[in-house]
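S.K.: Just so you know, the sequence shown maps onto residues 0 to 145 in numbering that gives the first Met the number 0.
Supplied in structure tokens, the structure appears directly below.
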Amino acid sequence: MKKVIIFALGISVFFACQNKQKSDSQSVAESAAAFQPTSDKFPVMQADSQSVDLGVITEGDTIVHIYKFRNTGNMPLVLSNVNASCGCTTPSYSTTPVEPGEQGFIKVKFDSKGKEGKLSKTVTALANTNPVENTFSFKIEVLKKK
Numbered sequence: 000m001k002k003v004i005i006f007a008l009g010i011s012v013f014f015a016c017q018n019k020q021k022s023d024s025q026s027v028a029e030s031a032a033a034f035q036p037t038s039d040k041f042p043v044m045q046a047d048s049q050s051v052d053l054g055v056i057t058e059g060d061t062i063v064h065i066y067k068f069r070n071t072g073n074m075p076l077v078l079s080n081v082n083a084s085c086g087c088t089t090p091s092y093s094t095t096p097v098e099p100g101e102q103g104f105i106k107v108k109f110d111s112k113g114k115e116g117k118l119s120k121t122v123t124a125l126a127n128t129n130p131v132e133n134t135f136s137f138k139i140e141v142l143k144k145k
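Printed below as a string of structure tokens:
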């Protein structure tokens, strides 16, 4: 009799775990679908400026710039990743959905250690926009350290 009760409990725990996994994966899928653009609902990333000149710095200095953008679309804008063109530029960005009419940011930190001359760098933001890739760039001149 004990074996039957233990077996029944084991089966019920097994099915309870399976149902929980299904509901969790269903809610993740539903959340992802809520941010998928359609022909009539889509986010638009409208940047204040996608290209900037950061001026002149001395080799070894770091500089930070924040690109601001507004979602001028009609559904939340979600940044999934932001990549820099080289390891000397470190991006961070808005991690929560940017609602229509609201503002988001992409912050870049440029480290000029080992760099010299006139440089151009790019940062690519991947989002649920059309197109998916949104490119930002900056120019900077790095003077040799004296």
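Yeah, the Cβ is synthetic: ideal placement off N, Cα and C, and Gly gets one too.
Applying the criterion that 16 or more other CB atoms from any shown protein chain within 10 Å of the CB defines a buried residue, is residue 142 buried or exposed?
M.R.: exposed
S.K.: Could you work out which residue in 43, 131 and 110 is closest to residue 88 when comparing CA atoms only?
M.R.: 110
S.K.: Which residue's Cα is closest to the Cα of residue 39: 128, 139 and 114?
M.R.: 128
S.K.: Determine the direct distance from the alpha carbon of residue 63 to that of residue 130, and round the result to whole angstroms.
M.R.: 26 Å
S.K.: Is residue 33 buried or exposed, if buried means 16 or more other CB atoms sit within 10 Å of its CB?
M.R.: exposed
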